[in-house]
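Engineer: After the structure tokens below, expect a handful of questions from me.
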Amino acid sequence: DAGVTQSPTHLIKTRGQHVTLRCSPISGHKSVSWYQQVLGQGPQFIFQYYEKEERGRGNFPDRFSARQFPNYSSELNVNALLLGDSALYLCASRPPGRTYEQYFGPGTRLTVT
Amino acid sequence: AQKVTQAQTEISVVEKEDVTLDCVYETRDTTYYLFWYKQPPSGELVFLIRRNSFDEQNEISGRYSWNFQKSTSSFNFTITASQVVDSAVYFCALIMEYGNKLVFGAGTILRVKS
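Going down the list, the protein sequences come from chains A and B.
Using this note's numbering, you'd call the opening residue of the first sequence number 1 and step up by one each time.
Using this note's numbering, you'd call the opening residue of the second sequence number 1001 and step up by one each time.
Structure below.
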């Protein structure tokens, strides 16, 4: 079975621009979460979506938004990019039931100049 | 609030040495789940193990073993006979029951030299 996929792999944007990152979960997984990993730190939770509804939001500004589609894929949008948004953005999907483990994609490396 | 501490920032060992990665956590919840993930240079987080708070049985999987001690809020990870391919960043993480987010430690960089 295919794992979590993310696109694009790398992205370079300028301050003030907008970016959209995409994620496809493992087949059968209905929950998708987004994490931001700044260099040298552990991942920080941004959003969780389940059945197209937001189920959790981390301590991130309103410039960050996300949505989940009927096929359970997801988009993360970031507006008015700042230099500090440069990071690896990880998407994770979670199997149904109370297993709690999350399976991560390869990430999108965003560089803001 | 939950917190995970990985006090070892970086560890270097020579191939075939045993190495233990420490993880200490804080939570007020009685039911929670602990994880270890491996992040190779490619960047993808690879799931290694999940442990439930109500199951303190240690686990061994090949060269990997995990020691969960609720009394000291620790969930340590040991690699026996380390190999160069074990070189990566290792993260310990915590999620509470019915929670929606993994809380990660800062990670430990493991360098295994041949």
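Beta carbons are placed, not taken as given, at the ideal position from N, Cα and C, and that holds for glycine.
What residues from chain A crowd round R1050(B), counting only those whose CB sits closer than 9 Å?
Structural biologist: Taking the second sequence and counting its residues from 1, the one referred to as residue 1050(B) is at position 50. Within chain A, the residues near R1050(B) are T99, Y100 and E101.
Engineer: Between the C-alpha atoms of G16(A) and V112(A), what's the straight-line distance to the nearest angstrom?
Structural biologist: The residue you call residue 16(A) lines up with position 16 of the first sequence. The residue you call residue 112(A) lines up with position 112 of the first sequence. Each residue's Cα considered, the two are about 9 Å apart.
Engineer: Whose CA, out of K30(A), F45(A) and S31(A), lies closest to the CA of Q37(A)?
Structural biologist: Within the first sequence, numbered from 1, the residue matching residue 37(A) stands at position 37. Minimum Cα distance to Q37(A) is reached at F45(A).
Engineer: Give the secondary structure of K52(A) by DSSP, where H, G and I count as helix, E and B as strand, and everything else as coil.
Structural biologist: Reading the first sequence from its first residue, position 52 is the one you call residue 52(A). The answer is coil: DSSP assigns K52(A) none of H, G, I, E or B.
Engineer: Determine the extent of the beta strand (DSSP E) in which V1095(B) is found, giving its start and end residues.
Structural biologist: Against the second sequence, residue 1095(B) aligns to sequence position 95. Note that residue 1095(B) is Ile in the sequence shown here, rather than Val. From DSSP, the beta strand (DSSP E) with I1095(B) extends over A1088 to M1096.
Engineer: Under three-state DSSP, which class holds V1024(B)?
Structural biologist: Within the second sequence, numbered from 1, the residue matching residue 1024(B) stands at position 24. Correct three-state label for V1024(B): strand.
Engineer: DSSP has L76(A) in a bridge; who is on the other side?
Structural biologist: For this step, residue 76(A) is matched to residue 76 along the first sequence. In the DSSP assignment, L76(A) forms a beta bridge with L21(A) and A66(A).
Engineer: Run through chain B and tell me which residues come within less than 8 Å of P43(A), C-beta to C-beta.
Structural biologist: Within the first sequence, the letter at position 43 stands for residue 43(A). Chain B residues near P43(A): L1045, F1091, L1102 and F1104.
Engineer: Looking only at C-alpha atoms, which of L88(A), S65(A), C23(A) and L11(A) sits nearest to Y72(A)?
Structural biologist: The residue labelled residue 72(A) in the question sits at position 72 within the first sequence. Out of L88(A), S65(A), C23(A) and L11(A), C23(A) has the C-alpha closest to the C-alpha of Y72(A).
Engineer: Cα-Cα, which of A2(A), L39(A), P95(A) and P43(A) is closest to Y50(A)?
Structural biologist: In the first sequence, residue 50(A) corresponds to position 50, counting from 1. Selection A2(A), L39(A), P95(A) and P43(A) evaluated against Y50(A) yields P95(A) as nearest (Cα-Cα).
Engineer: Hey, is F1075(B)'s beta-carbon within less than 8 Å of any beta-carbon in chain A?
Structural biologist: Residue mapping note: residue 1075(B) aligns to position 75 of the second sequence, counting from 1. No - not a single Cβ of chain A is within 8 Å of the one on F1075(B).
Engineer: Kindly say whether Y1033(B), judged by its beta-carbon, lies nearer than 8 Å to any beta-carbon of chain A.
Structural biologist: Here residue 1033(B) refers to the residue found at position 33 of the second sequence. Yes - at least one Cβ of chain A is within 8 Å of the one on Y1033(B).
Engineer: Note down the Cα distance separating T9(A) from L1110(B), rounded to an integer number of angstroms.
Structural biologist: For the purposes of this step, residue 9(A) is taken as the residue at position 9 of the first sequence. For the purposes of this step, residue 1110(B) is taken as the residue at position 110 of the second sequence. Each residue's alpha carbon lies about 25 Å from the other.
Engineer: For G1107(B), go through chain A and note every residue whose CB falls closer than 7 Å to its CB, in chain order.
Structural biologist: For the purposes of this step, residue 1107(B) is taken as residue 107 along the second sequence, with counting starting at 1. The answer, in chain order, is G42.
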